[in-house]
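Asks: Chains Z and G are the protein sequences, given in the same order.
Using this note's numbering, the letters of the first sequence correspond one by one to residues 1 to 176.
Using this note's numbering, the letters of the second sequence correspond one by one to residues 1001 to 1735.
Note that beta-carbon positions come from the ideal geometry of N, C-alpha and C, so glycine has one too.
All of these numbers come straight from a predicted model, not from anything done at the bench.
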Amino acid sequence: MSIAFDSVEKVGYSAFVYDWTAAGGTAPYSIYKDGRLNKNPDSLTTLTLEGESTSEPPIIEVLSANDTSTPYTVQFPPYATLRWHGRAGAYVYLVQQYSGSAWSTIKSIAHGGIYEYKYETLSLDNGSAQQWRVMVEDISGNQSEATGLSWTHQRAPEAPEHVTSVTTGTLTWGAA
Amino acid sequence: MATAYTAADSIGVYLSGTPDSSDLYQQSESLGGAMLGAELLTLDYIPDTPIEGVCIQYISGANGVGYGYIRAASASTLAYTAPGSATEGTAVTLANGASAVLVDGADTSKYVRVYRDSAESMGGRMRLNIRKVYNNALAQTDLTNAERAAGKASYRGLFLRNRNSIACSSIKVWIRTLGTQRVSNSAQLSSSGAGSITTTGSFADWPDKGFCHIKTSGGTTREIVRYTSRTATTLTVDAAGRAMLGTTAAAGASDDTLDCVPPIRLSWETPGDEGLIEALTNETTEPAAASWNSGITEATGLTLSSLADAANTALWIHREIPAGGPGFWGYENSIWLKFAASAVTYTVPFTGYFQEANTALVGFLGYAGDGELPDFTAAAAATGATLPLTYSLPLPSAGLFKTYYVCLRERDQYGLIGQNQYSRIHKIDDAGNDVTAPVSDPVDTTLTNTQSGEVVVDSWYYPDADSDPADTWLVYSTTTGTNPNPSTDTPTEHTMTAGFGLRPYFHLQRTLGPYSFGADLRVLVRAMRSSDDTESENVTPVTTSVSTAEILRPGFASLLYGEAYGQSLTPFYDEISYIPGTSSGAYFRRLPGESQFWADSKLVWRCVFDSIGDKVLYIPSGWDVDSSGTRGTGASTWYEVVSWTGGDKRIALCVAGTRVAMIDVSNDAIIWAGHSAGETLTSHPNPTDGVWQHPDATGLSFHVLDASTQTMRSYLKLTSAGLALMNTDLDRNRS
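#1: Along the segment 109-139 of chain Z, where does the CB come closer than 8 Å to a CB of chain G? Name the residues.
#2: Step through the CB atoms of chain G and report whether any lies within less than 9 Å of the CB of Trp-173(Z).
#3: How close, in whole Å, do the beta carbons of Ala-997(G) and Ala-1139(G) come, if the pair is a contact with beta carbons under 8 Å?
#4: Taking only the alpha-carbon atoms, compute the straight-line gap between Ser-1010(G) and Ala-1380(G) and give it to the nearest angstrom.
#5: Would you kindly work out how many angstroms separate the C-alpha atoms of Tyr-1715(G) and Ile-59(Z), rounded to a whole number?
#6: Less than 8 Å between the CB atoms is what I'm expecting for Pro-1442(G) and Ser-1459(G), so what's the real figure, rounded?
#7: Going straight from the alpha carbon of Asp-138(Z) to that of Ser-53(Z), what length do you get?
#8: Could you tell me which uninterrupted alpha helix (DSSP H) segments, each at least 4 residues in length, are contained entirely in the segment 1219-1293 of chain G, listed from first to last along the chain?
#9: Residues in the same chain with beta-carbon distance under 8 Å from Thr-1228(G), minus the five sequence neighbours each way, listed in chain order, please.
#10: Can you tell me which residues form a DSSP beta bridge with Met-1126(G)?
#11: Are Trp-1316(G) and Tyr-1155(G) touching if we call contact CB-CB under 9 Å?
#12: Only counting the same chain, and skipping five residues up and downstream in sequence, which positions put a Cβ closer than 7 Å to that of Glu-9(Z)?
#13: Hey, is Gly-1690(G)'s beta-carbon within less than 9 Å of any beta-carbon in chain Z?
#14: Does Ile-1130(G) have its Cβ less than 9 Å from a Cβ in chain Z?
#15: Do Gly-1581(G) and Asp-1520(G) come within 9 Å of each other at the CB atom, strictly closer than that value?
#16: Compare the C-beta of Ser-165(Z) with all C-beta atoms of chain G and state if any pair is closer than 9 Å.
#17: Residues of chain Z with CB closer than 7 Å to the CB of Val-1054(G), please, in chain order.
#18: Closer than 8 Å, Cβ to Cβ, to anything on chain Z: give me those residues from the segment 1405-1434 of chain G, in chain order.
#19: Does Ala-1008(G) come out as helix, strand or coil in the three-state DSSP assignment?
#20: Could you give the distance in angstroms between the alpha-carbon of Ala-1007(G) and the alpha-carbon of Ser-99(Z)?
#21: Please classify Leu-1512(G) as buried or exposed, where buried requires at least 16 neighbouring CB atoms within 10 angstroms.
#22: Could you check where the beta strand (DSSP E) with Glu-1320(G) kicks off and where it finishes?
#23: Within 9 Å of any Cβ in chain G, is that where the Cβ of Ile-31(Z) sits?
#24: Applying the criterion that 16 or more other CB atoms from any shown protein chain within 10 Å of the CB defines a buried residue, is Ala-1724(G) buried or exposed?
#25: Rounded to the nearest angstrom, how far is the Cβ of Val-1054(G) from that of Met-1122(G), given a contact under 8 Å?
#26: For Val-92(Z), tell me which candidate among Lys-39(Z), Thr-48(Z), Ser-144(Z), Ser-150(Z) has the shortest Cα-Cα distance.
#27: Could you check what DSSP says for Gln-1027(G) in three-state terms: helix, strand or coil?
#28: Secondary structure at Gln-75(Z), three-state DSSP: helix, strand or coil?
#29: Would you mind giving the Cβ-Cβ distance between Trp-173(Z) and Thr-164(Z), rounded to the nearest angstrom? I have them listed as a contact below 8 Å.
#30: Could you tell me which chain G residues have their CB closer than 8 Å to the CB of Asp-42(Z), listed as they occur along the chain?
#31: CB Gly-1622(G) to CB Ala-1661(G), shorter than 9 Å?
#32: Residues of chain G with CB closer than 7 Å to the CB of Gly-169(Z), please, in chain order.
#33: Have a look at Asp-1468(G) and Thr-170(Z) and give me their C-alpha separation to the nearest angstrom.
#34: Using 8 Å as the cut-off, can you tell me whether the segment 1175-1191 of chain G makes contact with the segment 1381-1393 of chain G, which would need three or more C-beta pairs spanning the two stretches below that distance?
#35: Can you find a CB in chain Z that lies within less than 9 Å of the CB of Asp-1046(G)?
#36: Under the assumption that Gly-1124(G) contacts Ile-1051(G) (Cβ atoms under 8 Å), give the Cβ distance between them as a whole number of angstroms.
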């Protein structure tokens, strides 16, 4: 059960207040901001969030604890998560992205033990071709072969840029 | 259960393929041949708070999505709780280098298989964010728009392998239904063509788009059809969606049962020599020996009496998508696998999802709410592939107003609709005119040149002037010699910050630039209400010629001999700049922390400035500082040499063509309109004319190098009215 908002109001440079009543459901709520789990509060009827845009608030979903469905803004978020299992002898894991005909190290994650690692990318464009890989580097700088993944990123559409006007009772949504 | 492959995971489902293929182990290339070592991925996960040495090998499809937890019950044992379960399973010992199955305490079909590859003691609790999977071999690949238009039948081959050390029996595989069974007791399909199926029950838990298995009341399959949309009680079936998966179009009956199903059917193939099954040349080639089964119950599905230990059998999947589908982001393929091992029966689901692209879905949806946020669950007010969209707003009654909240969302080719909710506000009168409350213009907007080519813009906005006030500053600026155009230019936005006073106000103070010296800077400041993007309508910019572009010299210079001793040296700094037209008789001399004004070998004034110490403007005690003398009309430059001959040597200081002060050198007099001390003055270094003063429309400022901070500070400003404002104490020491 997603919760419909009574109002969404800008209150700061890029901060917005979401307000709803009669939320119902069961605590704790799961609040997803741009598809990413943001908070798990026990009770609330308002929420203030900072976004990246000054004109459009971040897209959020508020789910109650007994929700069984997953809204597709959560299923198709702007970011992707890479995960891999650690290796003995690793000193650092190099997360690399293929862009501009070259691999670039986006993140170096220190080896903390042989366990499950993950990396969440920043927002990716809808429909963009993505190539990422993870390499192990030991303390001497020797690098393993890479474990690579490639995909076309799909995300729920963002708020489109546009203008609105009303002329003699006709509302027009126009291109920005 | 602790040992892997002895209970619910006795039978594993594996991909097929040609071992020498470059696409080995790809879910999309599971087209028969040999059994591969890769299992059918039916759920995936994101690890949170991992446990050292614990690697997740497989997650049973019975777990469903959500958060599962693996807890280290001791240094060498683990226990599992499936998503939604309140009962933790029995702790299982997991040795380094071994696998084990961790089972939920309430449902033995919900398990995870883990592997340990570290001798470190295990500790803590690992949270698994378990997620469903798209495009596995069961679901198959997404349909492109072309494939959707033409329709597509495709096939995948999987192997079922008994990994237990004993035979598994009563093996059954059937298609999993995706919603509550209903009866077509209100309306049925005719013998052919498009139509509707209606129930007095509810299709509320059926997917928005999907497929329906229609059976007679006796349980015989009547037809499998596609529905392109549904309401709570009606399925809409298109003509191309009739007679699917080997069925024949037939008229329905009022006692037919309806089940939501995936668009698949199944077939066994017993592996032949070397354990191989037919290898398809491509995914659209039908396996020759397939005998398809569309059963949706264990009684009507595929059965196999027994599967010996280490034995395999193969399962073919036929997915049929009729031509002209609607496009959808969430088709689900799912099957059940049931078997018995050691007298215990296990039932495990396998699921995958796929999408269908329809480029006709790409476009926009406009929503309008009357007095409140739009109801996004209702139909959009306007839709279209491109903008603009239009919608005739219901008008208010005569003499009244209506406020509409309007929102625009975008939809992609899979039917995914953006979930943005932020709405703009339009208020209309009974004639449909937009009477959205206007936003007042900002006032007192000024530009002030500062150091390093930066310009400070100040502006004020009074919200009590508007019924629905602004909350955002918009700053438009150009240096092209043309005024900013709000219709085409992009402003910078700054949230308004409230000031405190008798009247509420918002004050904008932002630094712009840096700009090149002499740049024609034009700045338009507007106020905007972000809820509906209404801007103030002022169009006249404030302008300035950027006159300061100096980058400050390094501050706090010092000298050390080697690395041993610091030297108490004052950085050398002594500059003289002459006032043209005085034959080098009048000049400013600047020293660190001091500025001197000399004329005809007389000291006119001397400022000693230390921002944390003395700030004193010395004027020789023999000089008159008078407000009664005549100053007269001035020049366009900041200085005017009124006379520099014999006994009449006078220099006027000017602001905007008006003399604001007269330095009567011959008579030792300074004439201005008055003065005040202790002012806070903005600094304006001006490097280009070699003189540390800065003229603009509001006054003429003089500067000094602050001894403490090594930054330029203003110590005196002559206003356009001839007032001398001092960031110093004039009267304390006349000497």
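Replies: To lay it out plainly:
#1: Correct list: Gly-113, Ile-114, Tyr-115, Glu-116, Tyr-117, Lys-118, Asn-126.
#2: Flagged as an interface residue toward chain G: Trp-173(Z), by a C-beta distance shorter than 9 Å.
#3: Within the shown structure, residues of chain G are numbered from 1001 to 1735, placing residue 997(G) beyond reach of any answer.
#4: Rounded to the nearest angstrom, the two C-alpha atoms are 51 Å apart.
#5: Answer to the nearest angstrom: the Cα atoms are 52 Å apart.
#6: Taking a contact as a CB-CB distance under 8 Å, the pair Pro-1442(G) and Ser-1459(G) counts as one, their CB atoms being some 4 Å apart.
#7: Distance between the alpha carbons of Asp-138(Z) and Ser-53(Z): 40 Å.
#8: Those alpha helix (DSSP H) runs which fall completely within the segment 1219-1293 of chain G and span 4+ residues do not exist here.
#9: Cβ neighbours of Thr-1228(G) beyond the five flanking positions: Lys-1209, Thr-1236, Val-1237, Asp-1238, Gly-1241, Gly-1325, Pro-1326.
#10: Within the DSSP secondary-structure output, Met-1126(G) pairs in a beta bridge with Ile-1070(G).
#11: Cβ atoms of Trp-1316(G) and Tyr-1155(G): closer than 9 Å.
#12: The residues Phe-16, Val-17, in chain order, have a CB closer than 7 Å to that of Glu-9(Z) in the same chain once the five nearest residues on each side in sequence are set aside.
#13: At Gly-1690(G) the pLDDT is 38, less than 50, meaning the model places this residue with poor confidence and gives no usable figure here.
#14: No, because no Cβ of chain Z sits closer than 9 Å to the Cβ of Ile-1130(G).
#15: No, the pair does not count as a contact, with Cβ atoms beyond the cut-off.
#16: Answer yes: the Cβ-Cβ gap between Ser-165(Z) and chain G drops below 9 Å somewhere.
#17: Below the 7 Å Cβ cutoff, chain Z contributes Tyr-115 as neighbours of Val-1054(G), in chain order.
#18: Of all residues in the segment 1405-1434 of chain G, only Val-1406, Leu-1408, Arg-1409, Glu-1410, Arg-1411, Asp-1412, Tyr-1414, Leu-1416, Ile-1417, Gly-1418, Gln-1419, Asn-1420, Gln-1421, Tyr-1422, Ser-1423, Arg-1424, His-1426, Ile-1428, Ala-1431, Gly-1432, Asn-1433, Asp-1434 come within less than 8 Å of chain Z when Cβ atoms are compared, listed by chain position.
#19: Three-state DSSP puts Ala-1008(G) in coil, outside helix and strand.
#20: Roughly 46 Å between the two C-alpha positions.
#21: Result: buried.
#22: Unbroken beta strand (DSSP E) run through Glu-1320(G): 1312-1321.
#23: Nearest CB-CB separation between Ile-31(Z) and chain G: not below the 9 Å threshold.
#24: That one is buried.
#25: That pair is a contact at about 7 Å.
#26: Nearest option by C-alpha distance: Ser-144(Z).
#27: Three-state result, Gln-1027(G): helix.
#28: Under the three-state reduction of DSSP, Gln-75(Z) is assigned to helix.
#29: Between Thr-164(Z) and Trp-173(Z) the Cβ distance is about 6 Å, and since that is below 8 Å, they are a contact.
#30: Within 8 Å Cβ-Cβ: nothing; Asp-42(Z) doesn't reach chain G, min ~17 Å.
#31: Cβ atoms of Gly-1622(G) and Ala-1661(G): not closer than 9 Å.
#32: Under the 7 Å cutoff, chain G gives Ser-1392, Leu-1393, Leu-1395, Ile-1428, Gly-1432.
#33: Rounded to whole angstroms, Asp-1468(G) to Thr-170(Z) spans 23 Å at the Cα level.
#34: Touching, no.
#35: Just to set this straight, residue 1046(G) is Ile in the shown sequence, not Asp. It does: the Cβ of Ile-1046(G) has a partner Cβ on chain Z nearer than 9 Å.
#36: So it is a contact: roughly 6 Å between Cβ atoms.
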